[in-house]
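To start, the structure itself, in structure tokens.
2 protein chains.
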Amino acid sequence: MDQPDIKDIANKSGFSKKENSFLLKNIRPMGSTIADVLVRDGIIQQIAVGINDPGKGMATFEGNGAILLPGFVNAHAHLDDNLLGVPWPRNEVPASGIEDMIAYSREVWMGLGLSSRVQSVRQVRASIAAGITHIRSHVHIQPDYGFEHVEGVLQTREAYKDLIDIQLVAFPQLGVVSDPDTLKMLEEALNRGIECVGGIDPSSRNRDPVGHLNAIFGLADRFGKEIDIHLHEPGDLGAFAVELIAERTRALGMQGRVTISHVFCLGMVEDPYLDKLIDLLRENRITIQSAGAGGTPLPPIKKLVESGVTVCIGTDGVRDIWSGFNSVDMLDRIRMLAYRLRYKRDDEIEMLLELATNTGARVLGDQNYGFEPGRKADFVVMPGTNLKELVIDQPKRTYAFKRGVLVAANGECLIPV
Amino acid sequence: MDQPDIKDIANKSGFSKKENSFLLKNIRPMGSTIADVLVRDGIIQQIAVGINDPGKGMATFEGNGAILLPGFVNAHAHLDDNLLGVPWPRNEVPASGIEDMIAYSREVWMGLGLSSRVQSVRQVRASIAAGITHIRSHVHIQPDYGFEHVEGVLQTREAYKDLIDIQLVAFPQLGVVSDPDTLKMLEEALNRGIECVGGIDPSSRNRDPVGHLNAIFGLADRFGKEIDIHLHEPGDLGAFAVELIAERTRALGMQGRVTISHVFCLGMVEDPYLDKLIDLLRENRITIQSAGAGGTPLPPIKKLVESGVTVCIGTDGVRDIWSGFNSVDMLDRIRMLAYRLRYKRDDEIEMLLELATNTGARVLGDQNYGFEPGRKADFVVMPGTNLKELVIDQPKRTYAFKRGVLVAANGECLIPV
Chain A
2 MDQPDIKDIA NKSGFSKKEN SFLLKNIRPM GSTIADVLVR DGIIQQIAVG
52 INDPGKGMAT FEGNGAILLP GFVNAHAHLD DNLLGVPWPR NEVPASGIED
102 MIAYSREVWM GLGLSSRVQS VRQVRASIAA GITHIRSHVH IQPDYGFEHV
152 EGVLQTREAY KDLIDIQLVA FPQLGVVSDP DTLKMLEEAL NRGIECVGGI
202 DPSSRNRDPV GHLNAIFGLA DRFGKEIDIH LHEPGDLGAF AVELIAERTR
252 ALGMQGRVTI SHVFCLGMVE DPYLDKLIDL LRENRITIQS AGAGGTPLPP
302 IKKLVESGVT VCIGTDGVRD IWSGFNSVDM LDRIRMLAYR LRYKRDDEIE
352 MLLELATNTG ARVLGDQNYG FEPGRKADFV VMPGTNLKEL VIDQPKRTYA
402 FKRGVLVAAN GECLIPV
Chain B
2 MDQPDIKDIA NKSGFSKKEN SFLLKNIRPM GSTIADVLVR DGIIQQIAVG
52 INDPGKGMAT FEGNGAILLP GFVNAHAHLD DNLLGVPWPR NEVPASGIED
102 MIAYSREVWM GLGLSSRVQS VRQVRASIAA GITHIRSHVH IQPDYGFEHV
152 EGVLQTREAY KDLIDIQLVA FPQLGVVSDP DTLKMLEEAL NRGIECVGGI
202 DPSSRNRDPV GHLNAIFGLA DRFGKEIDIH LHEPGDLGAF AVELIAERTR
252 ALGMQGRVTI SHVFCLGMVE DPYLDKLIDL LRENRITIQS AGAGGTPLPP
302 IKKLVESGVT VCIGTDGVRD IWSGFNSVDM LDRIRMLAYR LRYKRDDEIE
352 MLLELATNTG ARVLGDQNYG FEPGRKADFV VMPGTNLKEL VIDQPKRTYA
402 FKRGVLVAAN GECLIPV
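Chains A and B, in that order, are what the protein sequence lines are.
If you're matching positions, the first sequence starts at 2 in this note's numbering and goes up one per residue.
If you're matching positions, the second sequence starts at 2 in this note's numbering and goes up one per residue.
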């Protein structure tokens, strides 16, 4: 297949990584009242009403009353196998179970001959344009892919390291128990610089939940890494996996260092059991990541948050063969979650926005994020009446800044290719 | 509240209702191979490869290989109470049941002091920009609204009658049994030109399913009108209503003239009973309309279609106080339905597009719709590899034509305000 050149993305003039001091006037932090923000050397100096123009050639941006949010945090991506910028290949998967889709998406990906380096750059640039400043991405670790996915995403991370924070998870989509090569590859991926150990459906993938989880937790313990496990298993089978994960988290003292992604089972079990699972999650400070999904119950995000469980939000794979319908935009993801969970009230949408910003940054371990003097100037500006209207209208991002550098304007990534 | 002037929508120069003959070159009907389309006096003359330029000043549009679809049909709208172009009012509804939402949305609508005339114009213009050529819209009939909604939408329909086909349903959102004034208002609405009789949740709204349905069917029979009933009732209660509706359809000989909208219950009952309901729907030629929904099971559209039941698709209320998250674009609606119903294959998406075009036009009674010589030139052009990619990327509509008149280009409605 012809691959469009990524240089077709307009190469904007005037971009400079060194310009990271400016005054942003007339914005409304979190949709509140009008203020100005002064940024020096990429650090927030002051947020106040009517800051005087510091002059001396410092750039000034006019916000016109737009809303200022901290940068979006996409806590669950698959940068290495999207189909952005590629003509849509027909999806003719014969069935739609997870196993069928894993096999089918591998087959299509291999057939297209795409590059994880090129595709991850495409998603990173689209993410920057959408005001995303942080991504946690799961990278495929499996023998038939070799290290093409790992190296592609590591190269992209290096190239964009000043412009977006990317944390990587070594993701053994095919399991680890049945194939010793995968476990060796996971080790090698951690040695090459991947930060977290991934896992997937411990009972259904390799028919050996204890074997799978012990391998993953053992690896994370040995390398001192965090864990983020895909868990699609339904009902009581998924809940059993949550229990096993919580037991290992406690045993290894990994509280606060384990995330479970998707966790549809939390939307399926009955209330008394759900309450028990919630206690386990809270006690072991296990984070739940939800990207939504169309045809399955979802974790009850509001109940989890109100119960003291940390919840973050991601896009999951975007424009990929799984369905193709996920977009890179976290506002679109929040809309989908609100739609599925029947969140209509503005305060419910504000909660989801909090998870997609401040909470997500905490999960990704960024201590320097947020609207306080001394923190990094990672933020995004867009027009809107209030926070819910941002999710309804999904306006182009007026400006996006990373460490004080203007990385996107009017919905376009400004970074030269 | 300040209402933005609808004249702020750019008043394009050069628009003419009289120019309805043209040659459209290099498009791909339904995503197939390249062809040209010749239109004279608003009627498709020829669809063929390499049609010669007819000259004599006839306009020519270059398609550049874009996809040509017949105009989208939105089979379920609420033109009279959207919040398009209005700053988002906070939603602080205390609960989220249907009854709560009906009460709350009335309260907000009344408080905002908006005009159904202005709001329906906004939605009609946005719909035209999105390539929609036909709308069925439910209009609120209830004593506290008087005829403001009816008159507002009737005026909008008259003003845009050459540019979009609008069919109206008199919609007694509060029921008809408990309030004799509503029944009188329904009659009056039909006398003023509304084509269809609406209804809603016959058991739960007024606690008298037979009274509700007999009133509605009696009215439709007396006036010779079609019926379109909102049915949100779950499980066996909803299924009971389907049975009652089918009995009355048969008794009055109204086969092919009754639609049930939403019908979540079809996604909730067990298979043997579902099969019985499907038989009732097919035998009585009752149409099912689905607009999707986030937090409830949905009718199994593919199974219904494969069983010979007619299914059409609508947006439901857009940017309204119910959730705010529905958009006017039928491609967005198809994406939502695919997401909810786990339709991933391209042929499943193509089926949904068929429902949102050809099937919808048949439900709305348009005999002159479709890609055949002699039919009206109601169609829309947009770039894409294939039909599913349109739903994934939702590109701006390159051109939209209604009866051969160019009504939108590059995603904007061209009609002067």
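Don't be surprised by glycine CBs; every beta carbon is placed ideally from N, CA and C.
(request) Would you mind sorting residue 201 of chain B into buried or exposed? The rule is 16 or more other CB atoms within 10 Å of its CB. (result) Taking the first residue of the second sequence as position 1, residue 201 of chain B is located at position 200. Buried, by the Cβ-count rule.
(request) Measure from the alpha carbon of residue 323 of chain A to the alpha carbon of each residue in B:63, B:347, B:32, B:329, then state which is nearest. (result) The residue labelled residue 323 of chain A in the question sits at position 322 within the first sequence. Out of B:63, B:347, B:32, B:329, B:347 has the C-alpha closest to the C-alpha of residue 323 of chain A.
(message) Suppose you measure from the CA of residue 218 of chain B to the CA of residue 259 of chain B; what does that come to, to the nearest Å?
(response) Translated into positions along the second sequence, residue 218 of chain B becomes position 217. Translated into positions along the second sequence, residue 259 of chain B becomes position 258. Looking at the two C-alpha atoms, the distance is approximately 10 Å.
(message) How far does the beta strand (DSSP E) with residue 53 of chain B in it extend, from its first residue to its last?
(response) Against the second sequence, residue 53 of chain B aligns to sequence position 52. According to the DSSP assignment, residue 53 of chain B belongs to no beta strand (DSSP E), since it is labelled neither H nor E.
(request) Report yes if the C-beta distance between residue 177 of chain A and residue 184 of chain A is below 8 Å; otherwise report no. (result) Indexing the first sequence from 1 puts residue 177 of chain A at position 176. Indexing the first sequence from 1 puts residue 184 of chain A at position 183. Yes, the Cβ-Cβ distance between residue 177 of chain A and residue 184 of chain A is below 8 Å.
(request) Give me the Cα-Cα distance between residue 152 of chain B and residue 193 of chain B, rounded to the nearest whole angstrom. (result) The residue given as residue 152 of chain B occupies position 151 in the second sequence. The residue given as residue 193 of chain B occupies position 192 in the second sequence. One C-alpha to the other measures close to 9 Å.
(request) Using a Cβ-Cβ cut-off of less than 7 Å, give me the residues of the segment 385-405 of chain A that come near chain B, in sequence order. (result) Answer set for the segment 385-405 of chain A: 386, 387, 389, 390, 393.
(message) Assuming residue 241 of chain B is part of the alpha helix (DSSP H), what are its boundary residues?
(response) Numbered from its first residue, the second sequence carries residue 241 of chain B at position 240. Looking at the DSSP string, the run of the alpha helix (DSSP H) that includes residue 241 of chain B is 236-252.
(message) Going by the DSSP bridge assignment, what does residue 262 of chain B pair with across the sheet?
(response) Along the second sequence, one-based indexing puts residue 262 of chain B at 261. Answer is B:231, B:290.
(request) Could you tell me which chain A residues have their CB closer than 8 Å to the CB of residue 339 of chain B, listed as they occur along the chain? (result) If you number the second sequence from 1, residue 339 of chain B lands on position 338. Neighbours of residue 339 of chain B on chain A, chain order: 295, 324, 326.
(request) Helix, strand or coil for residue 37 of chain B, going by three-state DSSP, please let me know. (result) Taking the first residue of the second sequence as 1, we reach residue 37 of chain B at position 36. In the structure shown, residue 37 of chain B sits in a strand (DSSP, three-state: E or B).
(request) Starting from residue 303 of chain A, follow the alpha helix (DSSP H) in both directions and report where the run begins and ends. (result) To locate residue 303 of chain A, count along the first sequence from 1; it is residue 302. 302-307 is the extent of the alpha helix (DSSP H) around residue 303 of chain A.
(request) Can you give me the Cβ contacts of residue 44 of chain B inside the same chain, cut-off strictly under 6 Å, excluding the 5 residues immediately before and after it? (result) Here residue 44 of chain B is taken as the residue at index 43 of the second sequence, counted from 1. For residue 44 of chain B, where only same-chain residues beyond five positions count, there are no Cβ hits under 6 Å.
(message) I'd like to check one pair, residue 133 of chain B with residue 331 of chain B: are the Cβ atoms closer than 8 Å?
(response) Reading the second sequence from its first residue, position 330 is the one you call residue 331 of chain B. Reading the second sequence from its first residue, position 132 is the one you call residue 133 of chain B. Between residue 331 of chain B and residue 133 of chain B, the CB-CB gap stays under 8 Å.
(request) Mind listing, in chain order, the continuous alpha helix (DSSP H) runs of no fewer than 4 residues lying wholly within the segment 327-362 of chain A? (result) For the segment 327-362 of chain A, whole alpha helix (DSSP H) runs of length 4 or above, ordered along the chain, are 331-342, 347-355.
(message) Quick check on this structure: which residue in B:297, B:271, B:288, B:393 has the alpha carbon closest to the alpha carbon of residue 233 of chain B?
(response) Here residue 233 of chain B refers to the residue found at position 232 of the second sequence. Closest by alpha carbon: B:297.
(message) Is residue 429 of chain A close to chain B? Criterion is C-beta to C-beta, closer than 8 Å.
(response) Here chain A comprises residues numbered 2 to 418, so residue 429 of chain A is not present and cannot be evaluated.
(message) Let me confirm a value: residue 309 of chain B is counted as buried when at least 16 other C-beta atoms fall within 10 Å, else exposed. Which label applies?
(response) Here residue 309 of chain B refers to the residue found at position 308 when the second sequence is read from its first residue. Classification for residue 309 of chain B: exposed.
(message) Any contact between the segment 241-254 of chain B and the segment 283-294 of chain B? By contact I mean 3 or more CB pairs, one from each, below 8 Å.
(response) Taking 8 Å as the limit for Cβ pairs, the verdict is that the segment 283-294 of chain B does touch the segment 241-254 of chain B.
(request) Return yes when the Cβ of residue 92 of chain B is within less than 8 Å of the Cβ of residue 345 of chain A, no when it is not. (result) Here residue 345 of chain A corresponds to residue number 344 of the first sequence, with the count starting at 1. Here residue 92 of chain B corresponds to residue number 91 of the second sequence, with the count starting at 1. In contact: residue 345 of chain A and residue 92 of chain B (Cβ atoms closer than 8 Å).
(request) If I'm right that residue 71 of chain A touches residue 359 of chain A with Cβ under 8 Å, what's the distance once you round it to whole angstroms? (result) On the first sequence, position 70 is the one that residue 71 of chain A refers to. On the first sequence, position 358 is the one that residue 359 of chain A refers to. Indeed they touch by this definition, with Cβ atoms about 6 Å apart.
(request) Go through the segment 177-206 of chain A residue by residue and report every complete run of the alpha helix (DSSP H) that reaches 4 residues or more, in order. (result) Restricting attention to alpha helix (DSSP H) runs no shorter than 4 residues, the segment 177-206 of chain A encloses them at 181-192, ordered along the chain.
(request) Say whether the segment 312-327 of chain A touches the segment 67-85 of chain A, bearing in mind that this needs 3 or more beta-carbon pairs closer than 8 Å, one atom from each stretch. (result) Because the criterion of three Cβ pairs below 8 Å is met, the segment 312-327 of chain A and the segment 67-85 of chain A touch.
(request) Please confirm if residue 205 of chain A has its CB atom under 8 Å from at least one CB of chain B. (result) Position 204 of the first sequence, counting from 1, holds the residue named residue 205 of chain A. Not one chain B Cβ lies under 8 Å of residue 205 of chain A.
(request) Please determine if the segment 94-107 of chain B and the segment 395-409 of chain A are in contact, where contact requires at least 3 C-beta pairs separated by less than 8 Å. (result) Below 8 Å, too few C-beta pairs join the segment 94-107 of chain B and the segment 395-409 of chain A to call them touching: fewer than three.
(request) Could you tell me whether the Cβ atoms of residue 187 of chain B and residue 220 of chain B are closer together than 8 Å? (result) Position 186 of the second sequence holds residue 187 of chain B. Position 219 of the second sequence holds residue 220 of chain B. Cβ atoms of residue 187 of chain B and residue 220 of chain B: closer than 8 Å.
(message) Taking CB distances under 8 Å as the criterion, tell me whether residue 97 of chain A reaches chain B.
(response) Here residue 97 of chain A refers to the residue found at position 96 when the first sequence is read from its first residue. Yes, residue 97 of chain A counts as interfacial toward chain B.
(message) Please report the straight-line C-alpha distance between residue 80 of chain A and residue 128 of chain A, rounded to a whole angstrom.
(response) Numbered from 1 along the first sequence, position 79 holds the residue referred to as residue 80 of chain A. Numbered from 1 along the first sequence, position 127 holds the residue referred to as residue 128 of chain A. Each residue's alpha carbon lies about 10 Å from the other.
(message) Suppose you measure from the CA of residue 124 of chain B to the CA of residue 56 of chain A; what does that come to, to the nearest Å?
(response) Counting from 1 along the second sequence, the entry for residue 124 of chain B is found at position 123. Counting from 1 along the first sequence, the entry for residue 56 of chain A is found at position 55. If you draw a straight line from the Cα of residue 124 of chain B to the Cα of residue 56 of chain A, it is about 46 Å long.
(request) With DSSP as the reference, label residue 397 of chain A as helix, strand or coil. (result) As a first step, residue 397 of chain A must be located in the first sequence, where it is residue number 396. Three-state result, residue 397 of chain A: coil.
(request) Return the chain-ordered ranges of every beta strand (DSSP E) run that is complete within the segment 71-149 of chain A and spans a minimum of 3 residues. (result) Fully enclosed beta strand (DSSP E) runs of 3 or longer: 73-78, 133-141.
(request) Would you tell me roughly how many angstroms separate the C-alpha atoms of residue 190 of chain A and residue 196 of chain A, rounded to the nearest one? (result) Indexing the first sequence from 1 puts residue 190 of chain A at position 189. Indexing the first sequence from 1 puts residue 196 of chain A at position 195. In a straight line, the C-alpha of residue 190 of chain A is about 9 Å away from that of residue 196 of chain A.
(request) Look up residue 18 of chain A in the DSSP assignment and say whether it is helix, strand or coil. (result) To locate residue 18 of chain A, count along the first sequence from 1; it is residue 17. Coil at residue 18 of chain A, not helix or strand.
(message) I need the boundaries of the beta strand (DSSP E) containing residue 365 of chain A, first residue and last residue.
(response) Within the first sequence, the letter at position 364 stands for residue 365 of chain A. Annotation: residue 365 of chain A is outside any beta strand (DSSP E) and is labelled neither H nor E by DSSP.
(message) Using a Cβ-Cβ distance cut-off of 8 Å, determine whether residue 126 of chain A contacts chain B.
(response) Along the first sequence, one-based indexing puts residue 126 of chain A at 125. It does not: the Cβ of residue 126 of chain A has no partner Cβ on chain B nearer than 8 Å.
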